[in-house]
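For the sequence shown, the working numbering gives the first residue as -9, with consecutive numbering after it.
For reference, the structure is listed below as structure tokens.
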Amino acid sequence: MFIKPNQFVIPTEQRDYSEWHRGRTRYALWYLLLDQVKHAEIIKQLDQIRHQFSDCLIKSSNRQYHITLYIGGFLTCDESIYNDDFPQSLFVKQQQQLESLNLSHSITLKLTAVNSFESALFVQVSDSLHQLTSIRSALRLAQHTEVAAQTYCAHITLGLYAQKVMGQDVLQRLDACAALDVELEFDQIHFGYYSAQTLQGPLHSLYCFNLE
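Written as structure tokens, this is what we have:
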């Protein structure tokens, strides 16, 4: 999952992953979105960090900075055909479970450091109050298995690797990055999707859950 010093990072091929999407278009998830106005200064910082690593990251990214809460899969109107389909009825169930939490205040998180997965550069997110744990528990469904890593790691992706780079080289560059101590507040939780046929395309919000 995380980068290893003695191995190359895993670059993303810039192509249409037809064997994955099988003609399906909307890949659904729940997420916290960094707002262009409210989080303008933080977005500027993230842009600067991404620029420092621009020589090894995919350049054509239109994906907004966000924190993924739960990955549903391919959004469908009907019952599942493939095991990574996500019927709209499951979204309705999650919406009801989220409302039952009676969330009435904003989510406060902290950005702590720049780090790297095997395939992507990211910023670590600290959730000392375990707010995301509660939300993810509410989004969990008995009839659906999340399409995600076994261990949840709250983060903001800065970019996917475009080429093979030795992990040790990346780690040395990460050591040179200044530590972060930035607080973030969110007053909305989004459910939306991105186009599965557009690499690093933008997020489209379908539903917004207001926390205040």
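For each residue, glycine too, the CB sits at the ideal point set by N, CA and C.
Bear in mind that the values here come from a model prediction, so they are computed numbers and not experimental data.
Comparing alpha carbon positions, the residue from Val104, Leu22 and Arg126 closest to threonine 98 is Leu22. Fully enclosed alpha helix (DSSP H) runs of no fewer than 4 residues occupy 157 to 165 of the segment 146 to 200, in order along the chain. Residues Ile48 and Leu189 of the same chain have their beta carbon placed closer than 7 angstroms to that of glutamine 4, with the five preceding and five following residues left out of the count. Counted as a single uninterrupted DSSP element, the alpha helix (DSSP H) harbouring serine 79 occupies residues 78 to 89. For tryptophan 20, the beta-bridge partners assigned by DSSP are Tyr60 and Phe181. When only Cα atoms are considered, tyrosine 72 and leucine 59 end up about 22 angstroms apart. Taking a contact to require three or more Cβ pairs closer than 8 angstroms, the segment 107 to 116 and the segment 149 to 159 qualify as touching.
For the options Phe64, Ser90 and Phe(-2), the alpha carbon positioned closest to that of cysteine 46 is the one of Phe(-2).
Between the beta-carbon of glutamate 202 and that of serine 96 there is about 6 angstroms, and that keeps the pair under the 8 angstroms contact cut. The alpha-carbon separation between leucine 131 and glutamine 84 amounts to approximately 7 angstroms.
Approximately 23 angstroms separates the beta-carbon atoms of alanine 186 and arginine 40; this is outside 8 angstroms, ruling out the contact. If the five residues before and after threonine 102 are omitted, its C-beta is found closer than 6 angstroms to the C-beta atoms of Gln114, Ser116 and Leu170, all from its own chain and listed in chain order.
Leaving aside the five residues that flank alanine 128 on each side, the residues in its chain whose CB is nearer than 8 angstroms to its CB run, in chain order, Gln84, Gln87, Leu88, Ser90 and Leu91.
For leucine 119, there is no enclosing alpha helix (DSSP H), as DSSP gives it neither H nor E. Secondary structure of aspartate 37 (DSSP, three-state): helix. Residues Leu80 of the same chain have their beta carbon placed closer than 6 angstroms to that of histidine 134, with the five preceding and five following residues left out of the count. Secondary-structure assignment with DSSP links asparagine 105 through a beta bridge to Phe112. Under the DSSP definition of a beta bridge, aspartate 74 lacks any partner.
The alpha-carbon separation between glutamate 31 and alanine 166 amounts to approximately 21 angstroms. Non-local C-beta neighbours of valine 155 in its own chain, meaning closer than 6 angstroms and more than five positions away in sequence, comprise Val(-1) and Cys46, ordered along the chain.
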